[in-house]
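Its first residue numbered 123, the sequence shown is counted upward by one per residue in the numbering used here.
All C-beta atoms in this analysis are idealised placements derived from N, C-alpha and C, irrespective of residue type, glycine included.
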Amino acid sequence: MTTLRTTVVVLLGFYTFCQETRASVQGASVPGASVPGASVLGRPLLYGPSTALEKTVEEFQCEVLRYPKDESILYQLFREGDRSKALGFYSALSGEMANFPLYITASYEGYMVCVASVQNNTVIHPTVSPRHHLRVVDPVNGAEVVVQSGSVEFYEGKPLSLRCNIAKGNHVSYQWLVDGKPLPLSPLHNQTQEQLFIYRMVPQDSGEYTCVATNQLNITKVYSSWSTAKVIKVKELVSEPDLLFLVLKERDGTYFALVTCQSLTGSPPITFSLYSRSEFISTETVDERSATFSIPVVLDLHMGFLQCQAQNGDRVVYGQWTAMHVVPVGGAVTMHYDNDVGEKFSIVGLRFYCSVERGTFPQYRWFLNGTVLEGRGEFYWVEQSILLLSVGRSSAGTYHCEVSDSFDGTTVISSEARYIDKEVLNHLPTTVVAVVFGCFLFLVTLVTTCCFIGLLYQKRQCLVEKSMLDLKLGLEMHNIMDEEEYMEDDGVVRAARIVDSDQEEVESTDEWLQLLQELKNTLEDEIPQNNF
123 MTTLRTTVVV
133 LLGFYTFCQE
143 TRASVQGASV
153 PGASVPGASV
163 LGRPLLYGPS
173 TALEKTVEEF
183 QCEVLRYPKD
193 ESILYQLFRE
203 GDRSKALGFY
213 SALSGEMANF
223 PLYITASYEG
233 YMVCVASVQN
243 NTVIHPTVSP
253 RHHLRVVDPV
263 NGAEVVVQSG
273 SVEFYEGKPL
283 SLRCNIAKGN
293 HVSYQWLVDG
303 KPLPLSPLHN
313 QTQEQLFIYR
323 MVPQDSGEYT
333 CVATNQLNIT
343 KVYSSWSTAK
353 VIKVKELVSE
363 PDLLFLVLKE
373 RDGTYFALVT
383 CQSLTGSPPI
393 TFSLYSRSEF
403 ISTETVDERS
413 ATFSIPVVLD
423 LHMGFLQCQA
433 QNGDRVVYGQ
443 WTAMHVVPVG
453 GAVTMHYDND
463 VGEKFSIVGL
473 RFYCSVERGT
483 FPQYRWFLNG
493 TVLEGRGEFY
503 WVEQSILLLS
513 VGRSSAGTYH
523 CEVSDSFDGT
533 TVISSEARYI
543 DKEVLNHLPT
553 TVVAVVFGCF
563 LFLVTLVTTC
573 CFIGLLYQKR
583 QCLVEKSMLD
593 LKLGLEMHNI
603 MDEEEYMEDD
613 GVVRAARIVD
623 SDQEEVESTD
633 EWLQLLQELK
643 NTLEDEIPQN
653 NF
């Protein structure tokens, strides 16, 4: 009995559910249609902009397409996940669309939903619309570059960290410019939105750094803010210094050296220091890449070694050790030259070289017929120990060079004089002519001798061939008479070997003649006279 009652209740419940579902489907087939007696509220639809500027008013709409008849519907606008505070309320009769004018703030960004419920009827459950996303844009403004790594001036090799701060704005993208141009791509550059980091700066990274902050409401509405340029200066580290020195003479006859320490690269100020092996000599800070020190010098005395040191920033570099040994000029002065050949193998130019046996600071002077040549003239060009000369009528004359110390002209050493003339230079020396003629005569004699020997050899060869022919004829006749006896003879055997070799090459013509003579004698002894 209990089982029968349970079955009847289930069947009545299932029938009621089917009737309500059928009514709901019929009501949904016509948009905006009310369903008499329906207890189900359709899902609301939420409309509105997807992007909005902050501090502006935007309207959102919400409606329900399937609703109970003659019921007042309450629409509420919430942020998704937060029902504690409604963004807006709207009470409407069935079929009326709800409007929500909203004053946009940054807190509105995100997803929002519309909740619809039937007022004064708790039987019908509230329904929720699909979520709608709102992007709130605050126009960017007040871009500023901040150097996080410290000073705007530093030496190469240090890192640089910049940040682009903005006074206001969201959804911002950043671009970095150097001297008005986009920052070049480099493995040493790392840019992440508002942050720029350069791992190791080089002098080429110096310039005016600007950041551009940008955001946009839509494709056509774009907001940008340019920062004030921040000047970054990367100083060059000083390079290894070179040491140069020049010797001068005092009025009292003593000598001193001006020692110059100089670096090819490096941002001033630079501190140069001069050291010897045993002691510190002097130091100087200058706003250029070289510094000069004065020290006394004794000629022809090795005064040890000197070294330059240079420093800027936190780096100290050391130069090579240089010997301080000033040797005055002395020994022999020699002058030699090489030439340039033009058309028809004629000499058109000369290069004279002057050298002295010893001397640290030699000074050279060139002379033509006792007149000094300086700089560049019509047919010459003086470059220290080298004299470039164009050979012609005006350049003919006697040349020599003189060498003295650059710091003291007391000692002067002169080379041997040499006469230069175009015709003399292009005239073949007697020795050359004799050698060429001798070689020609030797070749003629050699060819004549070879021809004479060839004729003699040909004549003797003809004689040998004729003798061999006679010998072969005799051997054939002798073989007919007595072949066995003839073969036993030692002389005949030797002749037969010569014939069978078919004119083999003999080492000496005299041996042939000797063999022929022996063979002839043998034949005369053994062969009757009438057989020949």
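Short of 8 Å in beta carbon distance, which residues of its chain neighbour residue i, apart from the five on each side in sequence? Order them along the chain.
{"i": "L134", "result": "Caution applies to L134, whose pLDDT of 35 falls short of 50 and renders its modelled position unreliable; the value that the coordinates give is listed next. Taken in chain order, the list of residues that qualify is empty."}
{"i": "V533", "result": "The residue asked about is misnamed: residue 533 is Thr in this sequence, not Val. Here the set comprises P450, V451, G452, S526, D527."}
{"i": "I542", "result": "L472, L511, V513, S517, A518, G519, T520, Y521"}
{"i": "V494", "result": "R487, W488"}
{"i": "Q183", "result": "L168, Y169, G170, M219, A220, N221, F222"}
{"i": "K303", "result": "none"}
{"i": "S346", "result": "V262, V334, A335, T336"}
Going by C-alpha distance, which of the options is nearest residue i?
{"i": "V470", "options": "P309, F559, N461", "result": "N461"}
{"i": "S385", "options": "E410, R515, S400, V369", "result": "E410"}
{"i": "P418", "options": "Q442, Q326, N434, V381", "result": "V381"}
{"i": "Q506", "options": "G499, R498, R487", "result": "R487"}
{"i": "Q433", "options": "Y345, A413, F182", "result": "A413"}
{"i": "E278", "options": "T244, D327, V262", "result": "D327"}
{"i": "Q429", "options": "G441, L421, V420", "result": "G441"}
{"i": "F276", "options": "K191, K371, V356", "result": "V356"}
{"i": "L339", "options": "H311, A445, G291", "result": "G291"}
{"i": "Y233", "options": "T173, T570, Q580, K191", "result": "T173"}
{"i": "L175", "options": "A228, S216, Q639", "result": "A228"}
{"i": "Q241", "options": "E202, V262, L215, N643", "result": "L215"}
{"i": "Y197", "options": "P484, T553, P166, K343", "result": "P166"}
{"i": "F474", "options": "V566, R540, L224", "result": "R540"}
{"i": "Y296", "options": "T332, R373, V420", "result": "T332"}
{"i": "F378", "options": "L199, G264, K352, D530", "result": "D530"}
{"i": "W443", "options": "L366, P484, S468", "result": "L366"}
{"i": "A351", "options": "R399, G329, K371", "result": "G329"}
{"i": "F211", "options": "E181, K191, P190, R188", "result": "E181"}
{"i": "S273", "options": "V353, C561, S416, V566", "result": "V353"}
{"i": "P484", "options": "I535, W503, Y459", "result": "I535"}
{"i": "G435", "options": "V463, L396, G388", "result": "G388"}
{"i": "H255", "options": "T342, L199, K207, V344", "result": "L199"}
{"i": "F415", "options": "C383, V569, Q639", "result": "C383"}
Using a Cβ-Cβ cutoff of less than 6 Å, which residues in the same chain neighbour residue i once the five nearest sequence positions on both sides are dropped?
{"i": "E627", "result": "Reliability fails at E627, whose pLDDT of 48 lies under 50, so the model's placement of it is uncertain and the value that follows must be treated cautiously. Here the set comprises nothing."}
{"i": "G159", "result": "Note on G159: pLDDT 46, under 50, position unreliable in the model; the coordinate value appears next. No residues qualify anywhere along the chain."}
{"i": "E610", "result": "The predicted position of E610 is uncertain, since its pLDDT is 46 and thus under 50; a value taken from the coordinates is nonetheless stated next. Counting only Cβ-Cβ distances below 6 Å, and skipping sequence neighbours, we find nothing."}
{"i": "H311", "result": "I320"}
{"i": "R480", "result": "V449, G452, G453"}
{"i": "S657", "result": "Nothing can be reported for residue 657: it is not among the residues displayed for the chain, which extend from 123 to 654."}
{"i": "E193", "result": "S216, V240"}
{"i": "A445", "result": "F427"}
{"i": "H247", "result": "none"}
Pull the bridge partners of residue i from the DSSP assignment, please.
{"i": "I341", "result": "DSSP, once it has assigned bridges, lists no residue as partnering I341."}
{"i": "Y197", "result": "Y212, A238"}
{"i": "S416", "result": "L380"}
{"i": "L284", "result": "V269, L318"}
{"i": "L292", "result": "For the record, residue 292 in the displayed sequence is Asn; it is not Leu. Answer is none; N292 lacks a bridge partner."}
{"i": "E524", "result": "R487, S536"}
{"i": "M457", "result": "C476"}
{"i": "S398", "result": "L428"}
{"i": "Y541", "result": "T520"}
{"i": "N263", "result": "K290"}
{"i": "E180", "result": "L224"}
Return the Cβ separation of residue i and residue j in integer angstroms, given the expectation that the two are a contact with Cβ distance under 8 Å.
{"i": "R257", "j": "V360", "result": "No, R257 and V360 are not in contact; Cβ-Cβ is about 55 Å, not under 8 Å."}
{"i": "C236", "j": "S251", "result": "4 Å"}
{"i": "A335", "j": "V294", "result": "5 Å"}
{"i": "P390", "j": "V408", "result": "7 Å"}
{"i": "L163", "j": "T244", "result": "Not really, about 12 Å apart at Cβ, beyond 8 Å."}
{"i": "A238", "j": "V186", "result": "5 Å"}
{"i": "H262", "j": "S349", "result": "Checking the displayed sequence, the identity of residue 262 turns out to be Val instead of His. Going by Cβ atoms, the distance from V262 to S349 rounds to 11 Å, so no, they are not a contact pair."}
{"i": "L224", "j": "V259", "result": "About 15 Å; that fails the 8 Å criterion."}
{"i": "S395", "j": "Q431", "result": "4 Å"}
Apart from the five residues on each side of it in sequence, which residues of its chain come closer than 7 Å, Cβ to Cβ, to residue i?
{"i": "R205", "result": "none"}
{"i": "K177", "result": "I226"}
{"i": "K280", "result": "M323"}
{"i": "T456", "result": "S477, S537"}
{"i": "E500", "result": "S516"}
{"i": "Q141", "result": "Confidence is the limiting factor: at Q141 the pLDDT is only 37, short of 50, which leaves the residue's position unreliable, though a coordinate-based value still follows. Nothing listed; no residue qualifies."}
{"i": "L421", "result": "Y377, V448, P450"}
{"i": "K371", "result": "Y377, F529, D530"}
Segment contact, 8 Å Cβ cut-off, at least three pairs: the segment 419 to 426 with the segment 404 to 411: Touching, no, given that fewer than three Cβ pairs across the two stretches are closer than 8 Å.
State whether the segment 313 to 320 contacts the segment 282 to 295, with contact taken as three or more CB pairs (one from each stretch) at a distance under 8 Å. In short, these stretches touch, since the Cβ pair count reaches three.
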